[in-house]
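Q: Structure below; questions to follow.
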Amino acid sequence: MSKYSVIGTRVHRVDGPEKITGNAKYTFDMVLPNMLYGKILRSPHPHAKILKIDTSKAEKLIGVKAIVTGKDTIGKKQGIWRRFPELCDEEILCREKVRYIGDPVAAVAAVDEDTAEEALDLIEVEYEPLPAVFDPLEAIKEEAPQIHEGVELNINVTRHIEWGDVDEAFKKCDHIREDQFKCSSQAHVCMETHDAVASFDYGGKLTVWTSTQASYYIQALLAGMLGLREGDVRVIKPPTGGGFGSKFELDSTQFCASVLSMKICKPVKIVLSREEEFTATKRRTPMYYYLKLGAKKDGTLLAKEVRVITDGGAYTGMGATALYLTGFFSSFPYKYPNYRYDGYRAYTNTAPTSAMRGFGAPQSTFAGESQLDMMAEDLGIDQIEIRRKNGMTPDYEVPGQAFIQSCGLHQCLDKIDEHIKQRGKLPPNHGIGIASYGFMSGGIFNWFDTPYAFSAALVRINIDGKVDLFTGACDIGQGSDTTLSMICAEELGIGLEDIRIHSGDTGICPADLGAWGSRETLMNGNAVKMAAADAKRQLMEFAAAKLGVNIVYDMDIKDRWIHLVDRPERGVSYFDIVKEAIRGRDGEVIIGRGHYTPHRKGMISPAYSFGVQAAEVAVDVETGRYKLVNVTTAHESGTVINPVGIEGQLEGAIMMAGGYGFCEDQPMDEGKILNPSIADYKLIRSLDMPETEILEVDTYEPEGPFGAKEAGEGLTNPTAGAIANAVYKAVGVRINNLPITPEKVFRALQEKKKKG
Amino acid sequence: MIKDFEYFAPKTLKEALTLLDKYQDEGKIICGGQSLLILMRQGLVAPKYLIDIKGLSELNYIKDAKEGLRLGATTTHRAIEKSPLIQKKYSVLAEMERRLASIQTRNWGSIGGNVCHGDPAGDPAPVLMALNATLTTTSLKGERNMAVEDFCLDYFETALKPGELLTEIQIPAVPPRTGTAYTKFNVIESDLATVGVAVSVTLGSGDGVCQEVRIALGASAPTPMRAKKAEAVLKGKKLTDNLLAEAGEVASTEAEPISDIYASAEYRRELVKVLVRRVAKEALARAKA
Amino acid sequence: MKKELKLTVNGQPYELYVNPKTLLVQVLRDHIGLTGSKRGCNDSSCGACTVVLNGMAVKSCSILAMQANGAEVLTVEGLADGAKLHPLQKAFLDHGAFQCGFCTSGMLMASRALLEENPKPTKEQIKEGIDGNICRCTGYNSIIRAVTAVVKGEYKEAK
C-alpha cells in the first residue's frame, strides 16, 4: 500500500478540462480591444551591414499604425548569460549589422495581419552584403569573416573539464579507439509558434502575454532591453503550446511587440509563421565530435578524451550551457578515472543554436554510446556487460564535478538485459541497440545573475480550506501545474481538487527560473513542498492547541484529517482548523512560503536521473530503409509524483529523440534552411511511432521533493545512440553522422558489400 | 497571404466552362484545393478569378460499366478509397489512395485536382498510367481525350488549355490474368513519394507469358513516366525473377530523377531498380491469382 | 467583394459576409470566435485545424469558407453535450492523451470523425485516423490508447 495519498496516483491534468474542450486560451488565441497585428521584417542576407532603412512608403499604407527599427530601441544587447556581458550579443532588432538570414531589422503594427505583411514589402532596406561563413570548421580559420567584433576566430566560448591524467592513462590501456561523429541540428517544432501580445499603457506599465517557458526571464530581459523597471513589466504565461527549450530566451515576438506597443500605447500581437519558426528561432546545437576512449581488455574504461566544436550560429543564446553540458554528459553515465573535455563554440552566419531538450546530452550520448558499443565489440565484451562494469552507482562523485546520490542505472541495465533476452532470436535484419544515459535535475549555475531564489512558491489557505498555490514555474505541456499541485496536496494532507494553481505570471507569482534543464519537479517541487509545510505548520499550531496534544506526540495531516500519527483516530478536520486558525489570527489567511536554491551541489545539478533504452529496428537491406519497431526504456526518476505525466514525457521523448536519430534534419544552403515547413521537415507521425514500453525502476532521491527527480529531458538522450547501435546490430553498418537516413544506410551497406 | 480574387461557384458544368472561357488565363479552377490553397496561401499563385467546382455534383461519380471504370474529376480520394466496387475490381486504386496524404486531405481533395496539379511525385498518375487510363478535358469547344501520359507535360505542367477543365478519368476494364500493384518509397509512412512505382502485368492464357506490361514511375522525372525500355524487357517473355530484376535495372537507367534534400539522384535510381522489381513481382502474383 | 456565407456550426446557424479568400478556420476562429481549432502550419500538414464537416474530418485551413456554404460543421467546442463530456474527451483525460494541448482539438475531431464512420476501428485504423495530425508532446501512443478505450466501450453510458 502506498504511503502517499496523492503523489503516485493517476490523475487528470489540472488544466485538462480547458484543454480538451477547446476553452484554453493560448497567446495564439488572444484578442484584446484595439489590438494591432505585428509582423517582422527579416534579413535576406546571412551577413550584411545595414546601410539604410526607409520606412516612408510603408508608413503611408492605410492601416499601418507603427513601424520600428533598431533605432527605436535603447541600443542594448541582451543575452541570457547576464553575468558575462561578452555573451550578451544579441540586439534582436539589428542596428548596424545582420548576422543570419532571418535576423530582424524592422517591425510593423497594423490593423490586420495582411496589412502588416503588405507593409513589410514596402520597407526598403539597403544592405551591404559581407562575406559569410556557414560551417564552424571554416569559421575558425584565420581568413574567415569576423561575425562579432572582438571575437577572434569566431570562437566566443570555450570550455574545459578535466580530472585525472588522460595522457598517462592512455599509456596503460590495452585498447584505444578514436572516433568522430557529426551531430545535426534539430528544430523544436512546438505546435504553437512563438507569439506575444504586448500592451504598454499610458501609465508606463508593460504587460506581455506570451508562450514561454520562463516568464521571469522574459520580464527581466525585457526590462533591461526597454529601459523599464522590472516591476513595471508583467509577463503572463497563458496555456503554452510547447517549448522544448525554444521559449525561455527573449525572442523577436516579445521584443518587437513591446517596442511597437511602447511607441503607440496599444496592444500589439505578433505570431511567428511556421516558416519563421523554422528559420528565425533558435535550434539544437550541431556538433562535431572527436572521442578517444581507452580501456583495459576486461572492459574497464580508463580514460576518455573529448573534443567538440559546436556550430553556434549567429548569437550565443544558451549555447555556452550546451557547450558545457555536452562535455559534462560525455562522461555519463560511467566512472572514468581520467577524463578530459575541450569544447569550442564558433559563430557562423546561420540561425542561432541554443537549447533544445537534452541540451547537448543527446549529442554526447549518440557519440559516446556508439563508440562504447564499438569498444565492446573490439574487446569481445557484451554491450550490457561493459556498461555494468563501468556504470555509475549511488553516492558516486564525479571528481570535482558532481555528487550523484540516487542512481538506478544498474537496475535499468538488468531490466533491459532481461528485455533483450525475452525478445529472443530476432528475424533477419532486425537488431536491438542500447544506449544508457544520465541527466540533470536543473542546474546550479546562476549565469542569469538572479538575486532571487531559483524557485519559490506561495501557498494561501482560504477560509473554506481551498488552497491557492502561487508559483513562477511554467507549464508548457510537461505537466508542472499538475505535478506541483500534487506535491502541495500531499504535503498539506489534502486532495488535489483542493488546490488551485496560479503559475507563470510575474505579477502575482514568485520568481522561478522556468521550465528548462528539467528543473521544475525537483527545484520548484522543493519550494512548493516547503511552502506547503510552512502553511501546514501554522495549522498544526492551532490543531495541537485544540486537541491538547502531549508534547511527545507527532501530528500530521492526511486526507484532510489532522491527527496524531500514533493515534490517528484522535484528530480534527482540516476544514475546521482552517476556520479557527484564520479567526485566531485577526482574520488573516494562512500563507506558507517556500523557496529553493541549490547550495554546494557540485558544478552541475543537485540530482541526476538515469536510464537505459533499447531500440529495435528492422532494416530493408535493399533500400536502407528501416522501421522503428519497438523502443523499450528502463528508467528511474526517484519517486514518481505523476505517473501519467511521466509516461507521457517518456513516449513524447521517443518521438522527439527518435526523430533526431531517424528523420529530422535542417539542411542548409549558404545559410538558408531548405525545409522550413512541416511538410518538408520530416516528423514522426502516429503510423511511424514505434511500440513503446516503459520499465520503471524504483529509486529515491534525497535531494528531491518526496524523493523525486527529473523525468522528461533525460529521456531524449539515448534514442539516437540506441538507433545507431541497433542498425549496426541489424546489418553491420555504422552511421556516425545524424540523422541516420536510409540513403546513408544504403551507401554503407554497398561499401560493406564492396569490401567483401 | 492570399490575394483578393473574384469568386464564382457555378452550379453546372456549362456555367463553369463559360466562366473559364471568359477569363482564360486569369481564371483558375478550384475543387478540393488541397494543393492549390497551399500555393495561394504562400502567394505563389494569385488568380484574379477563382471558379469553384467543388459543388458540381455532375462531375462527382464512380461509374462502372463493361468497358471499364469512369471517375468524375471531382470525385474525392476518400470516395475512391472506400468504394466497394473499386476495392473489388480496381483494388490498386484503393490501395494507392489509402497511402495518399491523410484522411483529412482525402476527404476533400479530388482525383482530378491531383492529376491537374501535375506533381511528378503524386500517387494517382503512375497508377492511372499502369491501368492504361485515359482522361477527358472539356471546354465550350468540345471534348478532348488523351492518355494520362500525354496529359502530363512537364514539372507541374499539364496539357490543359485555357478554357479547359478535366471532367473525367477512364480506366479500361481489367483484362483477365492482369495484376496491378503500386508502392512508394518514403521515410514517413504517409509522405509524398521519394520514388513511386506502379506496374501492371497481363499474362497470356495457358503459357503464362507476359502479354502486356506497363511500368510507371513517379518522382523519377519531371513528370510521371512510363519506363518503356524496361517494359520491353518483359513483354512477350516468361517473367522470371532474373528478368524482373533486369527490368528494374533498365528502368533505373530510364529514370531522370533529381537530387534534393531527401535523396540523391543516384539513390533514387537505386530505389527505382529495387521497387520496379518488387512491384512487378507483386503484379505478377496478382495476375496469377 | 464580400459574399454571403450560411453554415451551421455546432448546431447553431450562422449568416456571415466574408471575403471569399477567407479560410474556414478563419471563419471559425476569427469571425465566430471559436478558438478551439488551432493553426500550426502553412502547408496543410499539421492537422491542428481539423474539424468535422458534413461528417468528414477535414483541415479547416485548407478549405475556403465559401465551400462550407450550407454545410454542418462540428468543432471541439461542440463535442461535449452541455456539461457532459464526450466519451473521447473523458478518455483523453483519463489517459493523459494531451500535454501542451495545442494539437488536441484536431486529434479529438479526427478521432470523432473516425468513430462516426467506423465505430470499431482496428489499432492500425486508429493510427491512420490521426496520421494527419502532428503531436510534438505525447508520442501519439496515449492518444491511441484513449481512442481504443472508447472503441472498447469503456465509456458507454448506462441507459
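Chains as they are written, first to last, in the working numbering: chain A, 213 to 968; chain B, 8 to 296; chain C, 909 to 1067. Built from N, CA and C at the ideal position, the CB exists for glycine as well.
T835 (chain A) touches chain B at which residues, Cβ-Cβ below 7 Å?
A: By 1-based counting over the first sequence, the position of residue 835 (chain A) is 623. Correct list: F192, L278, V281.
Q: For the segment 977-991 of chain C, enumerate the residues whose C-beta is nearer than 8 Å to any C-beta of chain A, in chain order.
A: Within the segment 977-991 of chain C, the qualifying residues are T983, V984, E985, L987, A988.
Q: Enumerated in chain order, which unbroken segments of the alpha helix (DSSP H) with a length of 4 residues or greater are wholly contained in the segment 220-286 of chain A?
A: Fully enclosed alpha helix (DSSP H) runs of 4 or longer: 228-232, 268-272.
Q: Under a three-way DSSP split, which group does L66 (chain B) fall into?
A: Walking along the second sequence from the start, residue 66 (chain B) turns up at place 59. Helix at L66 (chain B).
Q: For the segment 937-944 of chain C against the segment 81-91 of chain B, do three or more pairs of beta-carbon atoms, one drawn from each stretch, fall closer than 8 Å, so that the two count as touching?
A: No: fewer than three Cβ pairs fall under 8 Å.
Q: Cα separation between I803 (chain A) and S1050 (chain C)?
A: Against the first sequence, residue 803 (chain A) aligns to sequence position 591. Against the third sequence, residue 1050 (chain C) aligns to sequence position 142. Roughly 38 Å separates the two Cα atoms.
Q: Interface residues of chain C around N67 (chain B) at Cβ under 8 Å?
A: Taking the second sequence and counting its residues from 1, the one referred to as residue 67 (chain B) is at position 60. Within chain C, no residue comes near N67 (chain B); the closest Cβ sits about 13 Å away, beyond 8 Å.
Q: Enumerate in chain order the residues of its own chain whose CB-to-CB distance from G170 (chain B) is below 7 Å, with the five nearest sequence positions on each side excluded.
A: As a position in the second sequence, residue 170 (chain B) is number 163, starting the count at 1. If we look at G170 (chain B) and ignore the five residues flanking it on each side, its Cβ neighbours are L27, D28, Q31, S146, L147.
Q: Just by C-beta distance, which residues in the segment 935-955 of chain C are closer than 8 Å to chain B?
A: Here the close residues are N950, D951, S952, G955.
Q: Would you say S197 (chain B) reaches chain C, if we count a Cβ-Cβ gap shorter than 9 Å as a contact?
A: Against the second sequence, residue 197 (chain B) aligns to sequence position 190. With 9 Å as the cut-off, S197 (chain B) counts as an interface residue toward chain C.
Q: Where A923 (chain A) and S648 (chain A) are concerned, what is the direct C-alpha to C-alpha distance, given to the nearest angstrom?
A: Within the first sequence, the letter at position 711 stands for residue 923 (chain A). Within the first sequence, the letter at position 436 stands for residue 648 (chain A). Roughly 14 Å separates the two Cα atoms.
Q: Within 10 Å of its beta-carbon, does T247 (chain B) have 16 or more other beta-carbons around it, so buried, or fewer, so exposed?
A: On the second sequence, residue 247 (chain B) is found 240 positions in, with the first residue counted as 1. Per the 10 Å Cβ criterion, exposed.
Q: Along chain F, in chain order, which residues have C-beta atoms closer than 9 Å to that of C875 (chain A)?
A: The question asks about chain F, but that chain is absent: this structure's protein chains are A, B and C.
Q: Identify the continuous alpha helix (DSSP H) that holds W115 (chain B) and give its terminal residues.
A: Stepping through the second sequence from its first residue, residue 115 (chain B) is reached at position 108. That run of the alpha helix (DSSP H) goes 110-115.
Q: Could you tell me whether any Cβ in chain C is nearer than 9 Å to the Cβ of K55 (chain B)?
A: Within the second sequence, the letter at position 48 stands for residue 55 (chain B). No, its Cβ sits nowhere closer than 9 Å to a Cβ of chain C.
Q: Touching or not, the segment 160-167 of chain B and the segment 187-194 of chain B, by the rule of three or more beta carbon pairs under 8 Å?
A: Segments in contact, no.
Q: In chain A, which residues lie less than 9 Å from Q1033 (chain C) when you measure between Cβ atoms?
A: In the third sequence, the residue the question calls residue 1033 (chain C) occupies position 125. In chain order: nothing, as chain A lies at least about 11 Å away.
Q: Taking only three categories from DSSP, how would you classify P995 (chain C)?
A: Sequence index remark: in the third sequence, residue 995 (chain C) carries index 87 (1-based). In the structure shown, P995 (chain C) sits in a helix (DSSP, three-state: H, G or I).
Q: State buried or exposed for G677 (chain A), treating a residue as buried only when at least 16 other CB atoms are found within 10 Å of its CB.
A: Here residue 677 (chain A) refers to the residue found at position 465 of the first sequence. Classification for G677 (chain A): buried.
Q: Taking only beta-carbon atoms, is N1049 (chain C) less than 9 Å away from chain A?
A: On the third sequence, position 141 is the one that residue 1049 (chain C) refers to. So yes, N1049 (chain C) belongs to the interface.
Q: Taking only the alpha-carbon atoms, compute the straight-line gap between V283 (chain B) and Y97 (chain B) and give it to the nearest angstrom.
A: Here residue 283 (chain B) is taken as the residue at index 276 of the second sequence, counted from 1. Here residue 97 (chain B) is taken as the residue at index 90 of the second sequence, counted from 1. Each residue's alpha carbon lies about 20 Å from the other.
Q: Would S988 (chain A) be called buried (16 or more neighbouring beta carbons within 10 Å of its own) or exposed?
A: The structure shown does not extend to residue 988 (chain A), since chain A is modelled only from 213 through 968, so no value can be given for it.
Q: Ignore the nearest five residues each way along the sequence and tell me which others in L433 (chain A)'s own chain have a CB closer than 6 Å to its CB.
A: As a working mapping, residue 433 (chain A) is identified with position 221 in the first sequence. Contacts found: Q290, L462.
Q: Taking one C-beta from the segment 917-933 of chain A and one from the segment 559-571 of chain A each time, how about it: are there three or more such pairs within less than 8 Å?
A: The segment 917-933 of chain A vs the segment 559-571 of chain A: in contact.
Q: Which of the three DSSP states is assigned to N121 (chain B) in this structure?
A: Position 114 of the second sequence, counted from the start, is the residue given in the question as residue 121 (chain B). Correct three-state label for N121 (chain B): helix.
Q: Hey, does M47 (chain B) have any beta-carbon neighbour from chain C nearer than 9 Å?
A: Working through the second sequence from its first residue, we reach residue 47 (chain B) at position 40. Judged by the 9 Å Cβ criterion, M47 (chain B) is in contact with chain C.
Q: Should Y68 (chain B) and K35 (chain B) be called a contact, given that it needs their Cβ atoms to be closer than 9 Å?
A: Reading the second sequence from its first residue, position 61 is the one you call residue 68 (chain B). Reading the second sequence from its first residue, position 28 is the one you call residue 35 (chain B). No. Outside cutoff.
Q: Buried or exposed: C1043 (chain C), going by 16 or more other Cβ atoms within 10 Å of its Cβ?
A: Reading the third sequence from its first residue, position 135 is the one you call residue 1043 (chain C). Looking at its Cβ environment, which holds 16 or more other Cβ atoms inside 10 Å, C1043 (chain C) is buried.
Q: Based on the DSSP output, what are the partners of R7 (chain B) in its beta bridges?
A: Residue numbering for chain B in the displayed model covers 8 to 296; residue 7 (chain B) lies beyond these limits and cannot be assessed.
Q: Whole angstroms are fine: how far does the CA of I58 (chain B) sit from the CA of F15 (chain B)?
A: Walking along the second sequence from the start, residue 15 (chain B) turns up at place 8. Walking along the second sequence from the start, residue 58 (chain B) turns up at place 51. Each residue's Cα considered, the two are about 5 Å apart.
Q: Can you have a look at M909 (chain C) and say buried or exposed, based on whether 16 or more other CB atoms are within 10 angstroms of its CB?
A: Taking the first residue of the third sequence as position 1, residue 909 (chain C) is located at position 1. Exposed, because fewer than 16 other Cβ atoms sit within 10 Å of the Cβ of M909 (chain C).
Q: Look at the alpha carbon of P562 (chain A) and the alpha carbon of S473 (chain A), and state the distance between them as a whole number of angstroms.
A: Locating residue 562 (chain A) in the first sequence gives position 350, counting from the first residue. Locating residue 473 (chain A) in the first sequence gives position 261, counting from the first residue. First, the residue type needs correcting, since residue 562 (chain A) is Thr and not Pro in the sequence shown. Between T562 (chain A) and S473 (chain A), the C-alpha separation is close to 29 Å.
Q: For I279 (chain A), which of A:R295, A:D301, A:Y249 has the nearest alpha-carbon?
A: Numbered from its first residue, the first sequence carries residue 279 (chain A) at position 67. Out of A:R295, A:D301, A:Y249, A:Y249 has the C-alpha closest to the C-alpha of I279 (chain A).
Q: Check whether the segment 637-652 of chain A touches the segment 673-689 of chain A, counting contact only when three or more Cβ pairs, one atom from each stretch, lie closer than 8 Å.
A: Result no; under three Cβ-Cβ pairs closer than 8 Å.
Q: Rounded to whole angstroms, what is the Cα-Cα separation between G864 (chain A) and C1008 (chain C)?
A: As a working mapping, residue 864 (chain A) is identified with position 652 in the first sequence. As a working mapping, residue 1008 (chain C) is identified with position 100 in the third sequence. Those two C-alpha atoms are separated by around 11 Å.
Q: Just to confirm, are L725 (chain A) and Y429 (chain A) a CB contact at a threshold of 9 Å?
A: Start at 1 with the first residue of the first sequence, and residue 725 (chain A) comes out as number 513. Start at 1 with the first residue of the first sequence, and residue 429 (chain A) comes out as number 217. Yes; because the gap between Cβ atoms is below 9 Å, this pair is in contact.
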